[in-house]
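**Student:** Got a structure here, written out as structure tokens. Questions coming.
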Amino acid sequence: MLRERRNPVELDSIPDKLEMLRENLKAKDAAGIVLSMSTNVDYISGYQSVMDGWHLAEPLSAVFIPLDSKRPITLFLPEASIIGLVVASREQSPIRFERLRTFDLLNFCITARAQDAHLALTEELIEDLEQYSKVIDGECAPDIIESIAQCLQDESLTSKKVLFDDMRVALSMNSKIDQKYGDGLELIHQTRSVKTAEEIAVILESGAKADRIMSHTVSKLKAGARWNDIEKSVAHFMIEEDVNPLPNSPMLFGGSYDTIFRPDLFRTSFNTPFNKGQIVILETQGIYKNHWIDINRTAHIGPASSEYRAQHQLVQNCLSEAAKYLRPGQNTTQICEEVRNGTASALNAPDKLLMVIHSIGRVPLESPSRYPATGIHGATEGFSIEESMVLSLDCLYFGSKLGPSHMENVFVIGKDNTTSIYKYPLELIETE
Numbered sequence: 034m035l036r037e038r039r040n041p042v043e044l045d046s047i048p049d050k051l052e053m054l055r056e057n058l059k060a061k062d063a064a065g066i067v068l069s070m071s072t073n074v075d076y077i078s079g080y081q082s083v084m085d086g087w088h089l090a091e092p093l094s095a096v097f098i099p100l101d102s103k104r105p106i107t108l109f110l111p112e113a114s115i116i117g118l119v120v121a122s123r124e125q126s127p128i129r130f131e132r133l134r135t136f137d138l139l140n141f142c143i144t145a146r147a148q149d150a151h152l153a154l155t156e157e158l159i160e161d162l163e164q165y166s167k168v169i170d171g172e173c174a175p176d177i178i179e180s181i182a183q184c185l186q187d188e189s190l191t192s193k194k195v196l197f198d199d200m201r202v203a204l205s206m207n208s209k210i211d212q213k214y215g216d217g218l219e220l221i222h223q224t225r226s227v228k229t230a231e232e233i234a235v236i237l238e239s240g241a242k243a244d245r246i247m248s249h250t251v252s253k254l255k256a257g258a259r260w261n262d263i264e265k266s267v268a269h270f271m272i273e274e275d276v277n278p279l280p281n282s283p284m285l286f287g288g289s290y291d292t293i294f295r296p297d298l299f300r301t302s303f304n305t306p307f308n309k310g311q312i313v314i315l316e317t318q319g320i321y322k323n324h325w326i327d328i329n330r331t332a333h334i335g336p337a338s339s340e341y342r343a344q345h346q347l348v349q350n351c352l353s354e355a356a357k358y359l360r361p362g363q364n365t366t367q368i369c370e371e372v373r374n375g376t377a378s379a380l381n382a383p384d385k386l387l388m389v390i391h392s393i394g395r396v397p398l399e400s401p402s403r404y405p406a407t408g409i410h411g412a413t414e415g416f417s418i419e420e421s422m423v424l425s426l427d428c429l430y431f432g433s434k435l436g437p438s439h440m441e442n443v444f445v446i447g448k449d450n451t452t453s454i455y456k457y458p459l460e461l462i463e464t465e
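Residue 251 in this note's numbering sits at position 218 of the sequence shown, with consecutive numbering throughout.
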């Protein structure tokens with residue numbers, strides 16, 4: 034049975050996302066997609082839960098997007114979280130959906146439903162809650178899986194292929210209601226990698242934020258300065274700029290290093306004061322309006338040698354050359370290989386130049402490459418660049434003779450031009 038869409042809620046701001054997603058669904062011959070990974074739910078609906086920060090393995094929300102635009106886009110959330118929709122709307126961050134399905138979360142919702150003789154809701158709040166209650170379908174389900182299953186049954190879609198970004202949810206649907214299913218993770222990553230005008234506007238804002246953060250970081254960097262103090266200062270500055278720093282540190286590389294990283298590759302420990310002659314990798318990372326900031330520059334404590342300056346300039350030339358080829362239709366691996374076989378061959382240890390191009394957005398690496406995108410094929414096969422992608426170009430040189438020279442920029446891919454969102458110079462930073 035095709036259920037009539039009623040009382041649409043705040044969908045005007047995402048027509049481009051829905052159009053791209055539905056085009057990809059049609060190409061996969063799918064009747065819809067169920068998204069239950071928190072970043073994907075947020076991408077389509079704007080819904081976030083405080084509990085997303087718990088990093089639970091099980092979904093706490095979901096959204097169903099049907100191929101047929103006459104069917105409703107349904108948001109699944111705990112019944113006790115409906116009040117969060119009111120709060121989000123009042124904060125001018127409305128959640129986008131057309132119908133609601135609710136479920137119980139442990140005994141939280143039971144507690145929320147319990148009577149409290151001393152609780153007096155305002156008329157305005159009661160009216161707001163009543164508006165949302167009008168778009169709830171069905172009864173409150175005992176869990177999210179039951180809620181999704183009931184929705185697909187009511188929409189008469191069990192015999193049609195529905196995609197899922199979480200295959201455990203898909204297998205649960207197949208076991209419970211004999212749902213025909215397919216893997217939708219690559220499809221949603223493909224959709225997310227092409228940005229809407231609204232997303233690009235936010236990303237450009239994040240670029241200006243990153244430039245200021247990098248400038249602040251450099252202003253604190255000098256001989257005798259302690260890395261821990263710099264990190265605290267950078268984190269505070271980020272927060273003042275409405276940027277959420279990484280949980281453990283606002284700097285991916287924790288200071289300078291000698292010849293190797295710790296086994297996890299991208300984290301070093303540096304707690305003593307800086308000395309002249311040290312090289313410091315500055316990769317400030319944080320999240321601005323749900324979009325990732327990823328800027329990388331290299332600093333030298335005190336004046337650098339002419340030989341090191343020349344090395345850094347060579348790495349910079351590699352990045353600038355690769356950036357010229359960031360155009361729709363180009364393959365990311367072929368771009369990197371051309372530079373590695375040309376300009377990069379003049380480095381002391383050419384094979385120690387790590388060059389990679391990846392999509393960036395809600396997460397720092399949302400590559401449209403086939404799953405698992407982080408495998409070697411993600412670098413050796415690459416992907417075809419499309420207009421409106423936002424791509425990070427990493428040029429990270431790990432040569433040990435003179436020390437490392439790293440840099441990274443993020444680019445918006447236009448039809449006829451490519452623009453870096455970061456304006457902070459790529460040149461070597463030489464401090465006091």
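All C-beta atoms in this analysis are idealised placements derived from N, C-alpha and C, irrespective of residue type, glycine included.
1. With Pro-48 as the anchor, note down where its alpha helix (DSSP H) starts and where it stops.
2. Strictly by DSSP, which residues pair up with Ile-169?
3. Let me check one thing: in DSSP terms, what residues is Glu-441 bridge-paired to?
4. I'd like the list of long-range same chain contacts for Thr-224, defined as Cβ closer than 6 Å, with 5 residues on each side in sequence excluded.
5. For Ile-210, I'd like the list of residues in its chain whose CB is within less than 7 Å of its CB, leaving aside the five on either flank, ordered along the chain.
6. For Ile-272, is the classification buried or exposed, using 16 other Cβ atoms within 10 angstroms of its Cβ as the cut-off for buried?
7. Less than 8 Å between the C-beta atoms of Leu-237 and Ile-454, yes or no?
8. Taking the alpha-carbon of Ile-106 as reference, which of Glu-163, Leu-435, Pro-48, Gln-344 has the nearest alpha-carbon?
9. Helix, strand or coil for Leu-459, going by three-state DSSP, please let me know.
10. Within the continuous beta strand (DSSP E) that includes Gly-240, where are the two ends?
11. What are the uninterrupted segments assigned as beta strand (DSSP E) that are 3 or more residues long and contained completely in the region 304-368, given in chain order?
12. Straight-line CA distance for Ser-425 to Asn-381?
13. Who are Leu-68's beta bridge partners in DSSP?
14. Would you kindly check if the distance between the Cβ of Pro-405 and the Cβ of Ser-226 is under 8 Å?
15. Measuring alpha carbon to alpha carbon, tell me which residue in Ala-337, Ala-203, Thr-413, Asn-450 is nearest Ile-312.
16. Specify the secondary structure class of Arg-36 as computed by DSSP and reduced to three states.
17. Below 8 Å on the Cβ atoms is my guess for Tyr-457 versus Ile-326; work out the distance and round it to an integer in Å.
18. If you compare alpha carbons, which of Ala-63, Thr-135, Trp-260 is closest to Asp-101?
19. To the nearest angstrom, how far is the alpha carbon of Gly-240 from that of Ile-98?
20. Tell me which residues share the same chain as Ile-390 and place their Cβ nearer than 6 Å to its Cβ, disregarding the 5 neighbours each side in the sequence.
21. List the endpoints of the continuous alpha helix (DSSP H) containing Gly-411.
22. Do you know how far the Cα of Asn-450 is from the Cα of Lys-193?
23. Less than 8 Å between the beta carbons of Leu-461 and Cys-428, yes or no?
24. Once the 5 residues before and after Arg-395 are set aside, which same chain residues still bring their CB inside 8 Å of it?
25. Would you mind sorting Pro-437 into buried or exposed? The rule is 16 or more other CB atoms within 10 Å of its CB.
26. Using a threshold of 8 Å, state whether the C-beta atoms of Gln-318 and Pro-283 are closer than that.
27. Put Tyr-80 into one of helix, strand or coil per three-state DSSP.
28. In the DSSP assignment, what residue or residues form a beta bridge with Met-284?
29. Closest to Pro-111 by C-alpha separation, out of Tyr-80, Glu-131, Glu-124, Pro-127, would be which residue?
30. Just list the residues that DSSP pairs Asp-216 with in beta bridges.
31. Identify every residue that forms a DSSP beta bridge with Ala-174.
32. Do you know offhand how far Thr-452's Cα is from Phe-444's?
33. Could you say if the region 404-421 and the region 338-357 meet the contact criterion of at least three C-beta pairs nearer than 8 Å?
**Tutor:** Result, derived from the coordinates:
1. Taken as a continuous stretch (DSSP letters only), the alpha helix (DSSP H) holding Pro-48 covers 48-60.
2. Looking at the DSSP assignment, Ile-169 forms a beta bridge with Leu-133.
3. Asn-329, Asp-427.
4. In chain order, Met-53, Leu-54, Asn-57 place their CB closer than 6 Å to the CB of Thr-224, counting only its own chain and leaving out the 5 sequence neighbours on each side.
5. Excluding positions up to five away in sequence, the list reads Ala-182, Leu-185, Gln-186, Thr-191.
6. An exposed status is given to Ile-272, since fewer than 16 other beta-carbon atoms sit within 10 Å of its beta-carbon.
7. With respect to Ile-454, Leu-237 sits close: the two C-beta atoms are nearer than 8 Å.
8. Taking only the C-alpha atoms, the option nearest Ile-106 is Pro-48.
9. Leu-459 carries a coil assignment under DSSP once its states are collapsed to helix, strand and coil.
10. Counting along the chain, Gly-240 falls outside any beta strand (DSSP E), though it belongs to the alpha helix (DSSP H) covering 230-252.
11. Counting only runs of 3 or more, we get 312-321, 324-333.
12. If I take the Cα positions, the gap works out to 25 Å.
13. Bridge pairing for Leu-68: Val-96 [DSSP].
14. The beta carbons of Ser-226 and Pro-405 sit no closer together than 8 Å.
15. Closest option to Ile-312, judged by alpha-carbon separation, among Ala-337, Ala-203, Thr-413, Asn-450: Ala-337.
16. Because Arg-36 carries a pLDDT of 43, less than 50, the predicted location of this residue cannot be relied on, and no value is offered for it.
17. The pair is not a contact, with the Cβ atoms about 12 Å apart (cut-off 8 Å).
18. Cα-wise, what sits closest to Asp-101 is Ala-63.
19. Their Cα atoms are separated by approximately 31 Å.
20. Non-local C-beta neighbours of Ile-390 in its own chain, meaning closer than 6 Å and more than five positions away in sequence, comprise Thr-365, Leu-424, Leu-426, ordered along the chain.
21. For Gly-411, the enclosing alpha helix (DSSP H) starts and ends at 410-413.
22. Each residue's alpha carbon lies about 42 Å from the other.
23. No.
24. Around Arg-395, the same chain offers Thr-72, Asp-75, Tyr-76, Arg-225, Asn-323, His-324, Trp-325 as residues with beta carbons nearer than 8 Å, after the five sequence neighbours per side are excluded.
25. Buried, because 16 or more other Cβ atoms sit within 10 Å of the Cβ of Pro-437.
26. Yes; because the gap between Cβ atoms is below 8 Å, this pair is in contact.
27. Of the three classes helix, strand and coil, the one that applies to Tyr-80 here is coil, per DSSP.
28. DSSP lists Thr-317 as partners of Met-284.
29. Distances from the alpha-carbon of Pro-111 to those of Tyr-80, Glu-131, Glu-124, Pro-127 put Tyr-80 closest.
30. Looking at the DSSP assignment, Asp-216 forms a beta bridge with Phe-197.
31. As DSSP reads the structure, Ala-174 sits in a beta bridge with Phe-136.
32. Answer to the nearest angstrom: the Cα atoms are 5 Å apart.
33. Output reads no: the region 338-357 does not touch the region 404-421.
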